[in-house]
RNA sequence: GGAGGGUUCGCAUAGAGGUCUAGUGCGCACGCUUGGAAAGCGUGUAUGGAGAAAUCCAUCAGGAGUCCGAAUCUCCUACCCUCCGCCA
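Residue numbers (this note's numbering): 1470 to 1890.
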């Protein structure tokens, strides 16, 4: 959510930002509606003031006849208020719906473009593996090494179902433990959050009202979150934080649930796109400063790059174009890992910042040095997601004999083994 | 699942239909006092909105209602506490 004052004062910028994100919204129309809202609000407030004043008179006045007369008068005013309030309520509801749809303004450095195909590569790292044999895809490799069981996975869960088994499980735990150690050393506090969450958390983070179809909903009207970002941001909902505890850096670990409603027919096989997976997520709440947000965006992205580098997998980093940004995102980097068999890069991580878009919806504030209330800024980034990362690990480090080499940094978490056979 | 008690300004509390325009204590800020400090005394100290300002409006968990008037009465929802039941 943007500040209506900001929208009013910068309507051209906001409108241009929406266009860059390919979001269809008419800011002029919103402002006209806001004019009407303010006009009606003023009228209602004036009448309420009158009732308040006269009600006090009624309480003080001793003259019974006058009392009765005033009460009669106020009855009439009250009816007038009721009519006006109903009108105002309709306007406010429409206004709120519109406000929730106004996208945050993308940064000037965000490239134009409609979809992820127009994302801009800003960095490449590492050598792509060269094989002197025909490389296999992760499905074949993992099946053969009994790391996964897709057939029974679909039997039990349905489409996109999987069992991880044996070294598939051990490798997952190794990744999780290594990730914990790696990010803890960078000052992140580990958190296991509730992932079955109430609706407000999703509205606050911007996953709702749009995107309902991609969420699993329970019979209690709660939702399963697709990322720990949702509960970690909700954690401080409605709070006034002490300035000196900022920045808050959290490393959330959680299962993630996604209906993948919009991606039928995409990645229908294997572990790339599944309904249920695990993710370690970096989340930062910091002071309300653009420079600080930008600094942490670079830091978060660099953390994950370093992590991938330590595994030794070739990657590139892209800036997402306007059309590939979420409603609240100002700027986003994706890190994509090399998948040999597919001969292309696939997304493993996503880093973005929001200014106060989320914290305004969630009511996460602090008092600055001048005693002024500020909405904190928020950022989040993937640390690592399993089982997706296993795809890159087994495909990049596969050997001619069908075995898979384990990156050095993971070996101690695999009982010292250097390969999976 | 059942019964009862709660949710008020950063914290703790008062408040039971009309001087509640939410009091008090703690904390915090400023001032007086002092060689300096503490104590003491005084003043101030919730959030959001409208307005150039004076000021006005809203908010006592959230929502709906009764009333000229609601923190206070009624109903619904959420959460917390105690007890009973069930349970890894």
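Ideal Cβ positions, reconstructed from N, Cα and C, are used throughout, including at glycine.
Contact annotation, residue 1750 with residue 1697: C-beta distance approximately 4 Å; criterion of less than 8 Å satisfied. Rounded to whole angstroms, the separation of the alpha carbons of residue 1795 and residue 1831 is 17 Å.
A distance of 8 Å or more separates the beta carbons of residue 1777 and residue 1589.
In the three-state reduction of the DSSP assignment, residue 1815 falls in the strand class. Residue burial annotation: residue 1852 is buried, with at least 16 other C-beta atoms found within 10 angstroms of its C-beta. In this structure, residue 1757 sits away from residue 1626, with a CB-CB distance that is not shorter than 8 Å. Assigned with DSSP and collapsed to three states, residue 1751 falls in strand. DSSP places residue 1518 inside the alpha helix (DSSP H), whose first and last residues are 1496–1529. Unbroken alpha helix (DSSP H) stretches of 4 residues or longer found wholly inside the region 1595–1664: 1607–1613, 1619–1626, 1636–1653, given in chain order.
When the Cα atoms are used, residue 1705 and residue 1690 turn out to be separated by approximately 21 Å. Boundaries of the alpha helix (DSSP H) harbouring residue 1772: 1759–1780, taken from the DSSP string. Beta bridge pairing from DSSP links residue 1722 with 1749.
Measuring C-alpha to C-alpha distances from residue 1499 to each of 1746, 1513, 1475 identifies 1475 as the nearest.
Taking a C-beta distance under 8 Å as the contact criterion, residue 1712 and residue 1835 qualify as a contact pair. For residue 1568, the closest of 1552, 1675, 1637 by C-alpha to C-alpha distance is 1675. Residue range 1533–1570 is occupied by the alpha helix (DSSP H) that includes residue 1567. In the displayed model, residue 1862 falls within a helix according to three-state DSSP. By DSSP's assignment, residue 1849 forms a beta bridge with 1752, 1821. Rounded to the nearest whole angstrom, the C-alpha separation of residue 1557 and residue 1506 is 7 Å. Contact annotation: the region 1812–1828 does not touch the region 1659–1672, with fewer than three C-beta pairs closer than 8 Å.
Pairing residue 1888 with residue 1874 gives a Cβ-Cβ distance under 8 Å. A straight line joining the alpha-carbon of residue 1739 with that of residue 1885 spans about 28 Å. In the DSSP assignment, residue 1880 falls within the alpha helix (DSSP H) that extends over 1877–1880.
The way I'd put it, the region 1729–1747 does touch the region 1859–1877; three or more beta-carbon pairs between them come closer than 8 Å. DSSP places residue 1482 within a helical segment (H, G or I) once states are collapsed to three. Boundaries of the alpha helix (DSSP H) harbouring residue 1827: 1826–1831, taken from the DSSP string. Assigned with DSSP and collapsed to three states, residue 1889 falls in strand. If you draw a 10 Å sphere on the C-beta of residue 1877, you find fewer than 16 other C-beta atoms in it, and that means exposed. Annotation for residue 1581: 1489, 1790, 1791 place their beta carbon closer than 7 Å to its own, counting only its chain and skipping 5 residues before and after. Boundaries for residue 1704: no alpha helix (DSSP H) harbours it, and the DSSP string shows neither H nor E there.
Cβ neighbours of residue 1593 within its own chain (closer than 7 Å, five residues either side excluded): 1785. For residue 1805, the secondary structure class from DSSP, reduced to helix, strand or coil, is strand. When C-alpha distances from residue 1687 are compared across 1654, 1726, 1760, the shortest belongs to 1726. Here residue 1593 is bridged, per DSSP, to 1785.
Distance from the CA of residue 1471 to the CA of residue 1685, rounded to the nearest whole angstrom, comes to 28 Å. A distance below 6 Å between beta-carbons, with the five flanking residues on each side excluded, links residue 1717 to the following residues of its chain, in chain order: 1754.
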